[in-house]
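J.:
Numbering (our numbering), first residue to last: 930 to 1024.
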């Protein structure tokens, strides 16, 4: 951007156009990366909502401390990123 503005000041139009084209290209790349991150975030939020719904349903099949244990252990496995163990928690009520 600075080079493009400097080229404009010294009236080097060809160089200015080249620099602005590079700025526009970089801007497009940045916007593309932002869109990718935003889509990943939306997918993550959607998946976490579905997972929390499954945890709630599995917990509702139990009462009292067993219900709390299912919720606590499931969320702990999500924090540890060992989601393959959650199915066992849903089926048996504990690890």
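Ideal Cβ positions, reconstructed from N, Cα and C, are used throughout, including at glycine. Just so you know, these numbers come straight off a predicted model, no measurement behind them.
Is the segment 948-964 in contact with the segment 975-989, if contact means three or more CB pairs nearer than 8 Å?
T.: No, they do not touch.
J.: Could you give the DSSP three-state label for residue 1009: helix, strand or coil?
T.: Three-state result, residue 1009: helix.
J.: According to DSSP, is residue 1018 helix, strand or coil?
T.: In the structure shown, residue 1018 sits in a helix (DSSP, three-state: H, G or I).
J.: Which term fits residue 988, buried or exposed, when burial requires 16 or more other beta carbons within 10 angstroms of its beta carbon?
T.: Answer is buried; the Cβ neighbour count reaches 16.
J.: Return the CA-CA distance between residue 999 and residue 1011, expressed in angstroms with no decimal places.
T.: Their backbone Cα atoms lie some 15 Å apart in a straight line.
J.: For residue 975, which of helix, strand or coil comes out of DSSP?
T.: Of the three classes helix, strand and coil, the one that applies to residue 975 here is helix, per DSSP.
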